[in-house]
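Presented below is the structure to which this report refers.
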Amino acid sequence: MHGGEMEARRPLLSGDPLDPSELDSDEGEVIFERGAPGESGGRAPRTLTYEEAVEVAGFGLFHWLLLLVCGWANASDAVEILCVSFLLPTARCDLQLSSSDMGLLTASIFLGMMVGGYMWGYLADRRGRRRVLVVSLTVNGLFGGLSSVAPWFWLFLLLRFISGVGVGGSIPVIFSYFSEFMPRLRRGAMISALATFWMAGNILAAGLAWVVIPRTWAHFSVGGLDFQSWRLFVVLCSVPSITSALLFRTLLPESPKFLMEAGCHREAVHVFKLMFGLNMVGKEKTFPEFSLCTTSRHREDEEDVKSSSQKEHLCSVLTKVSLPVRQMFSSSLRWRSVVLLVIFYCISFGYYGLWMWFPELLRRVEVGGSPCANVSLKSSAQNQSCGPVGTAVYMEGFVIAASNLPGNVFTILMMDSAGGKTLLSCSLLVSSLSVFLIYLVQTKTQSLTLSCVFSGVSVIAWNALDVLGPELYPTKLRSSSLGFFTGVGRVAAIMGNVAFGRLLDTDCAAPVLLVSVLLLTGGLAALLLPQTRQTELT
19 MHGGEMEARR PLLSGDPLDP SELDSDEGEV IFERGAPGES GGRAPRTLTY EEAVEVAGFG
79 LFHWLLLLVC GWANASDAVE ILCVSFLLPT ARCDLQLSSS DMGLLTASIF LGMMVGGYMW
139 GYLADRRGRR RVLVVSLTVN GLFGGLSSVA PWFWLFLLLR FISGVGVGGS IPVIFSYFSE
199 FMPRLRRGAM ISALATFWMA GNILAAGLAW VVIPRTWAHF SVGGLDFQSW RLFVVLCSVP
259 SITSALLFRT LLPESPKFLM EAGCHREAVH VFKLMFGLNM VGKEKTFPEF SLCTTSRHRE
319 DEEDVKSSSQ KEHLCSVLTK VSLPVRQMFS SSLRWRSVVL LVIFYCISFG YYGLWMWFPE
379 LLRRVEVGGS PCANVSLKSS AQNQSCGPVG TAVYMEGFVI AASNLPGNVF TILMMDSAGG
439 KTLLSCSLLV SSLSVFLIYL VQTKTQSLTL SCVFSGVSVI AWNALDVLGP ELYPTKLRSS
499 SLGFFTGVGR VAAIMGNVAF GRLLDTDCAA PVLLVSVLLL TGGLAALLLP QTRQTELT
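Numbering-wise, the sequence shown is residues 19 to 556 according to the working numbering.
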């Protein structure tokens, strides 16, 4: 992207070039000396590495604006994913869904995320993070909103799948994009803060469900479509994604790390200048001139692919697309990639397999004392009844969503001192225990309490993964690797939701105990990861 285009698209961050001068602020530790006269007023500009340039740009208003925009995008993904789980108790009657159908519906968005995750991650590493975020968020919100008017189950399923394709692109790319603006010593805490917006999206989805779905006033007919309150809820859930796409399109620049890797050093310096201008507002400091170290994107393998494309285009495309995966499992990165694969599978099967079914489990708790207390023919008959769902189900879902807050605060405070590896392992082990106890409890209060414990502790693991993921891989693989592993997680989420849908009415213990075992496995596997606390991005 050319510098002029960037300025035209971001009026909020635009600014005239500033004269070089000595920088001695505590935000940037690199000191620039005035040069002798005769060479444009001083010595030749100093050459900086990426990490040095980030330090020179300082830390301040720009990063808080970046946190809000990226955080809102992260929250929008949470809203879109959890939307389906909250509408299940009501929509199952309107769309005439069996438990297996509900399992397919909750799995559909993860199937879309699996397809979109690697594809968008690959494009983000080649075409730019910001551009991919705008397109993927638009796809997410547009098709999510269209699903609200789908009269048939299979059309609703298809539209939720396409919406999932958009979600699959924004989740991994947001964290790559955000991390590439952060100073090394603040990266852990800031990415943890970004991850907390998932909780905000969770609470927003639960709050909207609580306010909208039980209301009878939101019910009218449009042609042959019976537009019930849950359809209005679906429309409202698409708004955050659309607004996020607009914010990225109008306010934020491309990642300077990506621009450096792409050889666009002039544009990268311009981004650092925009960062500096906002971070130093009111401090009367001027931006120092500097150039950036030349970096290489290591295109040797891609050049080989290009030469072979003349022989067989399809083979060339497949080879190019699979190149990041082959590099991720090369000798130097193989072990951490295998461990992360295991962790993503375990946590995604466990978390999404259980979390997406919480509203349905809470509905069953209203009848009995435990989610697994009603596995009988009588219970199956109750599950097929289509009476109104009480507001208590959505209120309890809101409480469980809000219980993420202590875990998020704990992560922000402890990430830079304890490190992502330690928090990830401990969180998964405690989550495993809490799920096991959910199976054993006998009262509604006990079920709700342990569900809140699982919610508050498991979010620490996700936040730790959000910090570890960008730090374990170099820039040329960062978005691709996160896209690949989130794709693996989507496969696990699909399997978890299908398993819950098929087994919940016949053998409730099987999926619940399987979740506990997988979370335990993931916690032990996390101990094998390298410690990346406050390391420089490569």
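No residue lacks a Cβ here, since even glycine has one placed at the ideal position from N, Cα and C.
Treat the numbers as computed from the prediction; the structure is a model and nothing was measured.
(1) Rounded C-beta distance between I209 and S194? I'm assuming under 8 Å.
(2) With a Cβ-Cβ cutoff of 8 Å, do F276 and T493 count as a contact?
(3) Any idea what DSSP makes of R233, helix, strand or coil?
(4) If you follow the beta strand (DSSP E) that L66 is in, where does it begin and where does it stop?
(5) Just the Cα atoms here: how many angstroms apart are L468 and V453?
(6) May I ask you to list the residues that DSSP assigns as paired with F308?
(7) Can you round the beta-carbon distance between F104 and A224 to whole angstroms, since I take them to be within the 8 Å contact cut?
(8) Just to check my reading of the structure: G219 and A96 have Cβ atoms closer than 8 Å, yes? What is that Cβ distance to the nearest angstrom?
(9) Buried or exposed: where does R147 fall if 16 or more other Cβ atoms within 10 Å of its Cβ makes it buried?
(10) Pick helix, strand or coil for F245, following the three-state DSSP scheme.
(11) Could you give the distance in angstroms between the alpha-carbon of S154 and the alpha-carbon of E285?
(12) Can you confirm whether C101, when its beta carbon is compared against all beta carbons of chain D, has any partner nearer than 8 Å?
(13) If contacts are defined as beta-carbon pairs under 8 Å, then L506 and Y369 qualify, I think. What distance do you get, rounded to the angstrom?
(14) Apart from the five residues just before and just after A227, which ones in its own chain have a Cβ nearer than 7 Å to its Cβ?
(15) Figure out for me which residue from L264, I180, S116 has the closest Cα to the Cα of V133.
(16) Pick helix, strand or coil for Q549, following the three-state DSSP scheme.
(17) Excluding the 5 residues preceding and the 5 following F215 in the sequence, name in chain order all residues of the same chain whose CB lies nearer than 6 Å to its CB.
(18) Does DSSP classify W170 as helix, strand or coil?
(19) Which of the three DSSP states is assigned to T440 in this structure?
(20) If we ignore side chains and look at the alpha-carbon of each, how far apart do M120 and V102 end up?
(21) Note down, in chain order, each residue of its chain lying with its Cβ closer than 7 Å to the Cβ of L100, except the 5 sequence neighbours on either side.
(22) Please look up how many angstroms separate the CB atoms of F77 and P201, rounded, as I've assumed it's under 8 Å.
(23) Roughly how many angstroms separate the alpha carbons of S325 and S350, rounded to a whole number?
(24) If we ignore side chains and look at the alpha-carbon of each, how far apart do W172 and V183 end up?
So, to answer that:
(1) Locating residue 209 in the sequence shown gives position 191, where the first residue counts as 1. Locating residue 194 in the sequence shown gives position 176, where the first residue counts as 1. With a Cβ gap of about 11 Å, I209 and S194 do not count as contacting.
(2) As a working mapping, residue 276 is identified with position 258 in the sequence shown. As a working mapping, residue 493 is identified with position 475 in the sequence shown. In this structure, T493 lies closer than 8 Å to F276 by Cβ.
(3) Taking the sequence shown and counting its residues from 1, the one referred to as residue 233 is at position 215. The answer is coil: DSSP assigns R233 none of H, G, I, E or B.
(4) Numbered from 1 along the sequence shown, position 48 holds the residue referred to as residue 66. Bounds of the beta strand (DSSP E) holding L66 are 64-66.
(5) Translated into the one-based positions of the sequence shown, residue 468 becomes position 450. Translated into the one-based positions of the sequence shown, residue 453 becomes position 435. Straight-line measurement puts the Cα of V453 at about 8 Å from the Cα of L468.
(6) Here residue 308 is taken as the residue at index 290 of the sequence shown, counted from 1. BP columns for F308 point to R64.
(7) Taking the sequence shown and counting its residues from 1, one reaches residue 104 at position 86. Taking the sequence shown and counting its residues from 1, one reaches residue 224 at position 206. That pair is a contact at about 7 Å.
(8) Indexing the sequence shown from 1 puts residue 219 at position 201. Indexing the sequence shown from 1 puts residue 96 at position 78. Sure, about 3 Å apart at Cβ, within 8 Å.
(9) Position 129 of the sequence shown, counted from the first residue, corresponds to residue 147. Note on R147: 16 or more other CB atoms within 10 angstroms of its CB, so buried under the neighbour-count rule.
(10) In the sequence shown, residue 245 corresponds to position 227, counting from 1. DSSP places F245 in strand when its eight states are reduced to three.
(11) Translated into the one-based positions of the sequence shown, residue 154 becomes position 136. Translated into the one-based positions of the sequence shown, residue 285 becomes position 267. Cα to Cα, the separation comes out at about 24 Å.
(12) This model lacks chain D altogether; it includes just one protein chain.
(13) What you label residue 506 is simply residue 488 of the sequence shown in a count that begins at 1. What you label residue 369 is simply residue 351 of the sequence shown in a count that begins at 1. It should be noted that the sequence gives Val, not Leu, for residue 506. V506 to Y369, Cβ: 14 Å. No contact.
(14) On the sequence shown, position 209 is the one that residue 227 refers to. These residues qualify, in order along the chain: F104, F251, Y412, G415.
(15) For the purposes of this step, residue 133 is taken as residue 115 along the sequence shown, with counting starting at 1. Of the candidates L264, I180, S116, the one whose C-alpha sits nearest the C-alpha of V133 is I180.
(16) In the sequence shown, the residue the question calls residue 549 occupies position 531. In the structure shown, Q549 falls within a coil segment according to DSSP collapsed to helix, strand and coil.
(17) As a first step, residue 215 must be located in the sequence shown, where it is residue number 197. The beta carbon of F215 is closer than 6 Å to those of G89, N92, A93 in its chain, skipping five residues each way along the sequence.
(18) Residue mapping note: residue 170 aligns to position 152 of the sequence shown, counting from 1. Here W170 sits in coil by DSSP.
(19) The residue given as residue 440 occupies position 422 in the sequence shown. Three-state result, T440: helix.
(20) Numbered from 1 along the sequence shown, position 102 holds the residue referred to as residue 120. Numbered from 1 along the sequence shown, position 84 holds the residue referred to as residue 102. Cα to Cα, M120 sits roughly 9 Å from V102.
(21) The residue given as residue 100 occupies position 82 in the sequence shown. The residues are N220, A223.
(22) Locating residue 77 in the sequence shown gives position 59, counting from the first residue. Locating residue 201 in the sequence shown gives position 183, counting from the first residue. In this structure F77 touches P201 by the C-beta definition: roughly 6 Å separates them, less than 8 Å.
(23) Locating residue 325 in the sequence shown gives position 307, where the first residue counts as 1. Locating residue 350 in the sequence shown gives position 332, where the first residue counts as 1. With a pLDDT of 45 at S325, under the threshold of 50, the modelled position of that residue is not reliable, and no figure is offered here.
(24) Reading the sequence shown from its first residue, position 154 is the one you call residue 172. Reading the sequence shown from its first residue, position 165 is the one you call residue 183. The straight-line gap from Cα to Cα measures roughly 17 Å.
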